[in-house]
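A.B. asks: Attaching a single structure in structure tokens format; questions to follow.
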Amino acid sequence: MTVDDDLIAKYLSGEATPEEAMALHDWLDIPGNRSRFDEMEATWNEANPSKAFKAVDKQMAWRKLRPAKNFAWPIGIAATVLLLIGFWTFNSNDEVEIVRITASERVDTVKLPDESVVTLNRHSQLHYPVKFKGDTREIDLERGEAFFSITKNADKPFIVHASFSSITVVGTEFNVLVKDDVVEVGVNEGVVLVVTAYDSIYIRKGLKAAFHKQEKAMATQNDPNKWAYATGRLVFRDTPMNQVIEAIEKTYSCQVSVSNDAIKKCTLNTTFEKDSVGKILLLISETLNLKLEQNGQVFILEGDGCP
Amino acid sequence: MKPESPGWDGTEVTFRELFDDCYENLCGYAFTIVRDFDQAEDIVQSMFVKLWEKRDDLDITGSVRSYLFRSVYNQCMNQLEHRAIKTKYDAGVRVEPGRNQQQPDVFPEELEDNIRKAVDALPPQCRSIFIMSRYEELRYSEIAERLGISMNTIQNQVCKALKLLREALKDQ
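Protein chains in written order, with the working numbering: chain A, 1 to 307; chain B, 1001 to 1172.
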């Protein structure tokens, strides 16, 4: 496509097709061409100064578009709440206020506008609108992991956007983990429908599924201990200690060492409900006849272990 | 010319690159069509917001820039249509095609004398067309309907007007 004066004039008068506009801008990148365009543009503008193009503030526009990630007022160390005023323009100027919650070192619990509860694991972030308008309730899990306890509303399905997937529920309890290229969804109560560009699947209570971008998903058995960060519930049924320790470490973000590998062979048959990590380890040590020591964030179990 | 613009992979980095690459040009383009700076920016910003939101659902084959320019064009056209409908409702006036080409008195009041003179000095058809495009803000198709001439002629005449005006204003 030749870019000539005709095309420039056509562009300035707002008649250029998208292809012509692109060609023009490409052409403007070539040194020497800009001045010809500027001349014609200057004349066009001079002919009607009230309708001249203003310079665009790209930086400002970017800031409006993407939230200022460093702006926060801390509420303890537990969570940072960022408010973003979003721009949705159709014919009216509807501004939708969004709440963004970031959990860094601590697990955080959030109550949504519809009374649903979301527990955000460490190093996770999500956002949702201040009000659930329209036919759906939508929330975006930007990264990390969250456990959702959703109030039932058949008329207004709840949708979680997590990376490349969409999870629709009516009212239920489920966990979503966003990790690089994988989205893992596990269900505690009820049924969820997960939809990605490649597959969709219903997941029932007790099951979980991992979704990869380009593949079909499969539902597998779920381990509810993985969500103890939110539910506070750890169930062990003749579980060997190495798995017990793994579950505790993940839930409480701590480190548990043993003085003797034989300890890992011991099995545990207990349920812990919303107990602190210190209390849990103390109970374990008493059950297994071990001694509990603590060195900063590291717990040490000492003793003979099991045959 | 920048190296090949990033293809779409839905990441924030690519999004930022695209934004940096295209935002100003897209605003410029939008402005030529809707002729309102705030609306032009709004349209482009909305488009980027939607692009980001639907980043994983979008299947953009071919040039992403192409997609963006086309989107902006479509949004601008919608805006013009919306405006036209609104104007019709508000004014209750219907423009008759092919009416007598008297020079409409639509110079904005604050135009400088030298501009007014320079536009007046344009050849008749050229002047009418230029006025309709620049001041009445009619689309070429609308001008063509009114005057009963081809789009090509209009395009030529607008270009001619600009060149003549430039010469006239340069001399002053």
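Glycine is no exception: its CB is placed at the ideal position from the N, C-alpha and C atoms.
Tell me the DSSP bridge mates of A/Val258?
C.D. replies: Translated into the one-based positions of the first sequence, residue 258 of chain A becomes position 258. A/Leu301, per the DSSP bridge assignment.
A.B. asks: Rounding to the nearest angstrom, what Cα-Cα distance links A/Pro299 and A/Ile263 in this structure?
C.D. replies: Within the first sequence, numbered from 1, the residue matching residue 299 of chain A stands at position 299. Within the first sequence, numbered from 1, the residue matching residue 263 of chain A stands at position 263. The sequence shown places Phe at residue 299 of chain A, rather than the Pro named in the question. Straight-line Cα distance between these residues: approximately 14 Å.
A.B. asks: To be precise: take each residue of the region 1051 to 1085 of chain B, compare its Cβ to all Cβ atoms of chain A, and keep it if any distance is under 7 Å. Which residues remain?
C.D. replies: Asp1056, Asp1057, Arg1065, Ser1066, Phe1069, Arg1070, Tyr1073, His1082
A.B. asks: In whole angstroms, give me the CA-to-CA distance for A/Val170 and A/Val191.
C.D. replies: For the purposes of this step, residue 170 of chain A is identified with residue 170 of the first sequence, where counting begins at 1. For the purposes of this step, residue 191 of chain A is identified with residue 191 of the first sequence, where counting begins at 1. Answer to the nearest angstrom: the Cα atoms are 8 Å apart.
A.B. asks: Spell out whether any CB of chain B is found under 8 Å from the CB atom of A/Ala61.
C.D. replies: Taking the first sequence and counting its residues from 1, one reaches residue 61 of chain A at position 61. For A/Ala61, the answer is yes, since a Cβ of chain B falls inside 8 Å of its Cβ.
A.B. asks: What does A/Ser163 reach in chain B if we use C-beta pairs closer than 8 Å?
C.D. replies: Counting from one through the first sequence, the residue named residue 163 of chain A turns up at place 163. What A/Ser163 touches in chain B: Asp1056.
A.B. asks: Give me the chain A residues within the contact set of B/Ser1133, using Cβ-Cβ distance strictly less than 7 Å, ordered along the chain.
C.D. replies: Against the second sequence, residue 1133 of chain B aligns to sequence position 133. Ser13, listed in chain order.
A.B. asks: May I have the straight-line CA-CA distance separating A/Asn295 from A/Cys254, to the nearest angstrom?
C.D. replies: Taking the first sequence and counting its residues from 1, one reaches residue 295 of chain A at position 295. Taking the first sequence and counting its residues from 1, one reaches residue 254 of chain A at position 254. Straight-line spacing of the CA atoms in A/Asn295 and A/Cys254 works out to 11 Å.
A.B. asks: Taking the C-alpha atoms as reference points, what is the distance between B/Phe1015 and A/Leu12?
C.D. replies: Counted from its first residue, the second sequence places residue 1015 of chain B at position 15. Counted from its first residue, the first sequence places residue 12 of chain A at position 12. Each residue's alpha carbon lies about 28 Å from the other.
A.B. asks: Compile a chain-ordered list of the residues in the region 1021 to 1034 of chain B whose CB is closer than 7 Å to at least one CB of chain A.
C.D. replies: When CB distances to chain A are screened at a threshold of 7 Å, the residues of the region 1021 to 1034 of chain B falling below it are Tyr1023, Glu1024, Asn1025, Cys1027, Gly1028, Tyr1029, Phe1031, Thr1032, Ile1033, in chain order.
A.B. asks: Would a check of beta-carbon distances place B/Ile1115 closer than 8 Å to chain C?
C.D. replies: Included in the structure are the protein chains A and B, with no chain C among them.
A.B. asks: Can you pull the chain B neighbours of A/Ala210, defined as C-beta to C-beta under 8 Å?
C.D. replies: What you label residue 210 of chain A is simply residue 210 of the first sequence in a count that begins at 1. Within 8 Å Cβ-Cβ: nothing; A/Ala210 doesn't reach chain B, min ~17 Å.
A.B. asks: In terms of alpha-carbon separation, which member of A/Ser200, A/Ile8, A/Gly134, A/Lys133 lies closest to A/His212?
C.D. replies: As a position in the first sequence, residue 212 of chain A is number 212, starting the count at 1. A check of alpha carbon separations from A/His212 across A/Ser200, A/Ile8, A/Gly134, A/Lys133 identifies A/Ser200 as the nearest.
A.B. asks: Evaluate the contact criterion for the region 256 to 270 of chain A versus the region 214 to 227 of chain A: three or more CB pairs, one atom per stretch, below 8 Å.
C.D. replies: No contact exists between the region 256 to 270 of chain A and the region 214 to 227 of chain A.
A.B. asks: Counting only beta-carbon separations shorter than 8 Å, does B/Leu1162 have a partner in chain A?
C.D. replies: Within the second sequence, residue 1162 of chain B is the residue found at index 162, counting from 1. Yes, contact with chain A.
A.B. asks: Could you give the DSSP three-state label for A/Leu288: helix, strand or coil?
C.D. replies: On the first sequence, position 288 is the one that residue 288 of chain A refers to. If DSSP states are grouped into helix, strand and coil, A/Leu288 belongs with coil.
A.B. asks: Just tell me which of B/Arg1146, B/Ala1161, B/Tyr1140 has its CA closest to the CA of B/Asn1152.
C.D. replies: Residue 1152 of chain B sits at position 152 when you count from the first residue of the second sequence. Closest option to B/Asn1152, Cα to Cα, is B/Tyr1140.
A.B. asks: Does the beta-carbon distance from A/Asp114 to A/Leu126 come in below 8 Å?
C.D. replies: Position 114 of the first sequence, counted from the first residue, corresponds to residue 114 of chain A. Position 126 of the first sequence, counted from the first residue, corresponds to residue 126 of chain A. For A/Asp114 and A/Leu126, no; Cβs fall outside 8 Å.
A.B. asks: Within the 8 Å Cβ cut-off, does A/Glu184 reach chain B?
C.D. replies: Your numbering for residue 184 of chain A matches position 184 in the first sequence. No - not a single Cβ of chain B is within 8 Å of the one on A/Glu184.
A.B. asks: Does DSSP put B/Gln1103 in a helix, a strand or coil?
C.D. replies: Position 103 of the second sequence, counting from 1, holds the residue named residue 1103 of chain B. Low confidence applies here, because B/Gln1103 scores a pLDDT of 39, under 50, leaving its location unreliable and the question unanswered by this model.
A.B. asks: Taking the continuous alpha helix (DSSP H) assigned at B/Arg1175, which residues delimit it?
C.D. replies: The structure shown has nothing for residue 1175 of chain B, since chain B only spans 1001 to 1172.
A.B. asks: Show which residues of chain B have a CB atom less than 8 Å away from the CB atom of A/Leu65.
C.D. replies: To locate residue 65 of chain A, count along the first sequence from 1; it is residue 65. Near A/Leu65 (Cβ distances below 8 Å), the residues of chain B are Phe1019, Gln1045, Phe1048, Val1049, Trp1052.
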